[in-house]
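Chemist: Have a look at this one.
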Amino acid sequence: MNSLTKKTTNFNSNDTKDQIKSILKSLVELNKDKTSSDTKFIRVSQVRYQINRMLRRKLRLYKIYWIIAIKNAKYRKSCGVEEYSARDIYNIVIKMLKNDGQKTVCRRTIERDIKLLNEMGLLESKIIRFGENKGSMSFYKQNMQLAHLHKDIIFKYLLHLLKESLNDKKIVGNFDDSLEESNFNYTNLKKFGILSEIDEMNKKSVMSHRVDPHAFNNKANISNNKNSKELLFKNTDSSKPKKEECRFKRNDVETRLTCEHKISKNYLKQIKEHSNNDATYINALINLETAINEYQGEYYIEDILEHFLKQFGNRYKYKIWMMMRRSDGVISDYDLIWEGRFRDWYPNKYKSNCAVKETYGENLRIGIKKASVFKEKRANEQLNVEELKEKEIEKEKEREEERKREADRLQKYLTGLFEREAKEREERLRKAREEELNLKKKARESLLATLEKSKERCVGLDISNNGMDKMIDASSNDDSMVKFAIRDDFGGFKTTKGLSMVNLGIMIEDMGQNDNLKEKESK
-12 MNSLTKKTTN FNSNDTKDQI KSILKSLVEL NKDKTSSDTK FIRVSQVRYQ INRMLRRKLR
48 LYKIYWIIAI KNAKYRKSCG VEEYSARDIY NIVIKMLKND GQKTVCRRTI ERDIKLLNEM
108 GLLESKIIRF GENKGSMSFY KQNMQLAHLH KDIIFKYLLH LLKESLNDKK IVGNFDDSLE
168 ESNFNYTNLK KFGILSEIDE MNKKSVMSHR VDPHAFNNKA NISNNKNSKE LLFKNTDSSK
228 PKKEECRFKR NDVETRLTCE HKISKNYLKQ IKEHSNNDAT YINALINLET AINEYQGEYY
288 IEDILEHFLK QFGNRYKYKI WMMMRRSDGV ISDYDLIWEG RFRDWYPNKY KSNCAVKETY
348 GENLRIGIKK ASVFKEKRAN EQLNVEELKE KEIEKEKERE EERKREADRL QKYLTGLFER
408 EAKEREERLR KAREEELNLK KKARESLLAT LEKSKERCVG LDISNNGMDK MIDASSNDDS
468 MVKFAIRDDF GGFKTTKGLS MVNLGIMIED MGQNDNLKEK ESK
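Residue numbers (the working numbering): -12 to 510.
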C-alpha cells in the first residue's frame, strides 16, 4: 500500500474543510503511480464525498469507543453488577449524534462499526445470547495497550481503507472531459471586426521585437519576492535542523539524567524493562526529569526516584501520558501523583538526613519500601484490626440485646394467644352444653306430649305409676319385688336425638300392665 508523502498537511486538523483538502491532495498525488490500462476514472467530487463519509464514520467510532470505555469502567467498579448491551450503546450513540446535529444511523450501522473496531484490534466482543427474542448481554473488552492511541489507529485504518477502495481508480477533475473539447464563440468578435484586427496585430509582431529574458535579473527579482520559491525553499531548509534539534533533545533526556542529575543506569534500566516500547520509555524519562526539576529543591532525590518508580511500575506503565504535567487543559494525574501522594508520603529533605551520593537510585526496586513506611502501614493495620474487633463486639452485643427483645416479644405474643385460645375453648364448650341441655329438654317435652296423646287413646296406661314414691315402696318389700319390663316397640312413639326411655325416667310398674298395653295397641 502506498504511503503518504511528507509534503501533505496535517490530516488531524480541526477544520473539516482543510482536512478534506489535505487528504484529497494526498490521494491525487497517488495518481502518478497508476499506469495500468484497467484503471478507472473517478471525479474529485465523488472522492470528496467518500472522504466526508469517512470522517463522519471516524467521529462515530470515537463516540462508540468512548461509550464502551465508560461502560467498562462502571462494570469493573460495580464488580459486574452494571451490565450493558448493544442496544444501550446504540441508544447513547444516537442521542449524541442528535445533540451534535449529525445524521442518525440504524442499528446495523452501529454493529458494523463495532465489528470494524474488532478488526482494528481495539476491541474484543463478548456476547451472551438468551435465545430468540429474549435479548442478550454484551461486553466489549478493550485493548489497553492501544487505548491511548485509539484515535490515531481509527483514523489511519479508515484512511487506508479509503485508499484501497481507490487503488484501481484514477482521480480526475470534474471538468477535465469538457476542457479537452472546447468550442469558443467568435460570433460577436467577427461581427464587430475585432477578430480581424487581432489577426493583423499578430502578423505584424511575429518574432520581431522578442527579447530573451535575463535569467540573472529574473532570479534576483524572484528572490526579492516574499512568496518566491527560493524563499520557500529557504524556509523549509531552515525548519529541518529545528526538527532534528528537538528530536535530539527528546532522545538526550537519558544523558541528562545520568550526567546532570546523577541517576544510576540500573534505575533507568528498570524503567526500560517496565516500558512496553521506546516511546513509553522516553516519555517516562521526560516525566521523571520534570518531577526532579520541580521537587529536588524541597525533597530528597532518592525519595523522588522511589516514588516515581512505584507509580510508574504499579499504575502508569500502560498509560504514561497520565503522569505528564499538562498546561493545555487535558486531564492528567500529575498533581495527584506529586502534590497529593508524594507530599503525603515523604518528608521534606530538611527534616531527614540526606546523604550526597555519586549516583542515585542504584538500589531502588519496584515493591521495596522504606522501613518507616512498613512500620506505619503495620501500625495502621493493627489499629484497624483493633477498631474492627471493638466494632464487632459492639455489634454482637447489640444483636444479643435485639434477640432478647425479640424473644420477650414472642413470649408475650404466645402467652396472649394461648389465653385467648383457652377463653374461646371454654366459651365453645359452654355453648355446646347449653345446646345439648336445650335439645334434651325439647325432646323430653315432645315425648311427654306424645305420651299424653297416647294416654287419651290408651285408657289402661297410667303415667302416675312412673312416680318415684311407688318405686321406693316396691323396693322396700323384697317379697313383692316388682319386675320392670321396658317396652322397646312403641309403634308410633319416636324419640329425638337418640334419647332412650330410661333417660326420660318413665318406668312401667308391672308386667300385667305391659300386657294390657300390648293388647290395647293390638286392637
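Heads up, the beta-carbon is just placed ideally off N, CA and C, and yes, glycines get one too.
(1) Apart from the five residues just before and just after L136, which ones in its own chain have a Cβ nearer than 7 angstroms to its Cβ?
(2) So who's on the other strand from I250, going by DSSP bridges?
(3) Do you know offhand how far Y173's Cα is from E187's?
(4) Looking at the structure shown, is Y62 part of a helix, part of a strand, or coil, going by DSSP?
(5) Near G403, which residues of its chain fall below 6 angstroms by C-beta distance, leaving aside the five closest residues on each side in sequence?
(6) If you reduce the DSSP assignment to three classes, tell me which class M131 lands in.
(7) Could you tell me if L323 is buried or exposed, where buried requires 16 or more neighbouring beta carbons within 10 angstroms of its beta carbon?
(8) V159 to I7, Cα distance in whole Å?
(9) Would you mind stating whether Y347 and E285 have Cβ atoms separated by less than 7 angstroms?
(10) With H, G and I counted as helix, E and B as strand and the rest as coil, what does DSSP make of F235?
(11) Which residues in the same chain as K4 place their Cβ atom closer than 8 angstroms to its Cβ, once the five residues preceding and following it in sequence are excluded?
(12) Based on Cα-Cα distance, which residue from Q129, N425, V31 and S262 lies nearest to Y305?
(13) Spatial neighbours of R116 within its chain, please: CB distance less than 7 angstroms, with the 5 preceding and 5 following residues excluded, ordered by chain position.
(14) Mapping the DSSP letters down to three states, classify S72 as helix, strand or coil.
(15) Using a Cβ-Cβ cutoff of less than 7 angstroms, which residues in the same chain neighbour E293 once the five nearest sequence positions on both sides are dropped?
(16) On the three-state DSSP scale, how would you describe E408?
(17) Which of helix, strand or coil does DSSP assign to R159?
(18) Rounding to the nearest angstrom, what Cα-Cα distance links F162 and K156 in this structure?
(19) Take Y303 as the anchor and find which of T277, I258, E387 and R30 has the nearest alpha-carbon.
(20) Using a Cβ-Cβ cut-off of 7 angstroms (strictly less than) and excluding sequence neighbours within five positions of E345, which residues of its own chain qualify?
(21) Taking the alpha-carbon positions, what's the E377 to D395 distance?
(22) Excluding five sequence neighbours on each side, which residues of the same chain lie with their C-beta closer than 8 angstroms to the C-beta of S72?
(23) Please name the residue in E393, A278 and R30 whose C-alpha comes closest to that of L512.
(24) To which residues of the same chain is S32 closer than 8 angstroms at the C-beta, ignoring the five residues directly before and after it?
(25) Going along the chain, which residues of its own chain have a beta-carbon closer than 7 angstroms to the beta-carbon of M83, five neighbours each way excluded?
(26) As a quick exercise: from T267, K384 and K45, pick the residue whose alpha carbon is nearest that of L103.
(27) Rounded to the nearest angstrom, how far is the Cβ of T91 from that of I81, given a contact under 8 angstroms?
Modeler: Result, derived from the coordinates:
(1) Taking the first residue of the sequence shown as 1, we reach residue 136 at position 149. Excluding residues within five positions, none has a Cβ falling inside 7 angstroms.
(2) The count along the sequence shown starts at 1 and reaches residue 250 at position 263. Beta-bridge pairing links I250 to Y347.
(3) Counting from one through the sequence shown, the residue named residue 173 turns up at place 186. Counting from one through the sequence shown, the residue named residue 187 turns up at place 200. Cα to Cα, Y173 sits roughly 16 angstroms from E187.
(4) Along the sequence shown, one-based indexing puts residue 62 at 75. DSSP places Y62 in helix when its eight states are reduced to three.
(5) By 1-based counting over the sequence shown, the position of residue 403 is 416. Closer than 6 angstroms at the Cβ level, and outside the excluded window around G403, lies no residue.
(6) Locating residue 131 in the sequence shown gives position 144, counting from the first residue. Note: M131 maps to coil in three-state DSSP.
(7) Stepping through the sequence shown from its first residue, residue 323 is reached at position 336. Looking at its Cβ environment, which holds fewer than 16 other Cβ atoms inside 10 Å, L323 is exposed.
(8) On the sequence shown, residue 159 is found 172 positions in, with the first residue counted as 1. On the sequence shown, residue 7 is found 20 positions in, with the first residue counted as 1. Near 16 angstroms, if we compare the C-alpha coordinates of I7 and V159.
(9) For the purposes of this step, residue 347 is taken as residue 360 along the sequence shown, with counting starting at 1. For the purposes of this step, residue 285 is taken as residue 298 along the sequence shown, with counting starting at 1. It is not a contact, given that the beta carbons lie outside the stated cut-off.
(10) For the purposes of this step, residue 235 is taken as the residue at position 248 of the sequence shown. Confidence at F235 is low in this model, with a pLDDT of 38, below 50, so its placement is unreliable and the value that follows should be read with caution. Helix.
(11) Residue mapping note: residue 4 aligns to position 17 of the sequence shown, counting from 1. Closer than 8 angstroms at the Cβ level, and outside the excluded window around K4, lies no residue.
(12) Reading the sequence shown from its first residue, position 318 is the one you call residue 305. Looking at the Cα atoms, S262 is the closest of the given residues.
(13) Taking the first residue of the sequence shown as position 1, residue 116 is located at position 129. S123, listed in sequence order.
(14) Taking the first residue of the sequence shown as 1, we reach residue 72 at position 85. The answer is coil: DSSP assigns S72 none of H, G, I, E or B.
(15) On the sequence shown, residue 293 is found 306 positions in, with the first residue counted as 1. L351, listed in sequence order.
(16) Taking the first residue of the sequence shown as 1, we reach residue 408 at position 421. It is helical.
(17) Working through the sequence shown from its first residue, we reach residue 159 at position 172. Checking the sequence, you will find Val at residue 159 rather than Arg. Reduced to three states, the DSSP call for V159 is strand.
(18) Here the question's residue 162 lines up with position 175 in the sequence shown. Here the question's residue 156 lines up with position 169 in the sequence shown. Looking at the two C-alpha atoms, the distance is approximately 17 angstroms.
(19) Counting from one through the sequence shown, the residue named residue 303 turns up at place 316. Of the candidates T277, I258, E387 and R30, the one whose C-alpha sits nearest the C-alpha of Y303 is I258.
(20) Start at 1 with the first residue of the sequence shown, and residue 345 comes out as number 358. Excluding positions up to five away in sequence, the list reads K249.
(21) Looking up residue 377 in the sequence shown gives position 390. Looking up residue 395 in the sequence shown gives position 408. Going from the Cα of E377 to the Cα of D395 covers about 27 angstroms.
(22) The count along the sequence shown starts at 1 and reaches residue 72 at position 85. Within the same chain, S72 has close Cβ partners G122, S123, M124 and S125.
(23) The question about residue 512 has no answer, for the chain in this structure spans -12 to 510.
(24) Here residue 32 corresponds to residue number 45 of the sequence shown, with the count starting at 1. N161, listed in sequence order.
(25) Indexing the sequence shown from 1 puts residue 83 at position 96. Hits under 7 angstroms: K50.
(26) The residue you call residue 103 lines up with position 116 of the sequence shown. Of the listed residues, the one whose Cα sits closest to L103 is K45.
(27) In the sequence shown, residue 91 corresponds to position 104, counting from 1. In the sequence shown, residue 81 corresponds to position 94, counting from 1. Yes, T91 and I81 are in contact; Cβ-Cβ is about 5 angstroms, under 8 angstroms.
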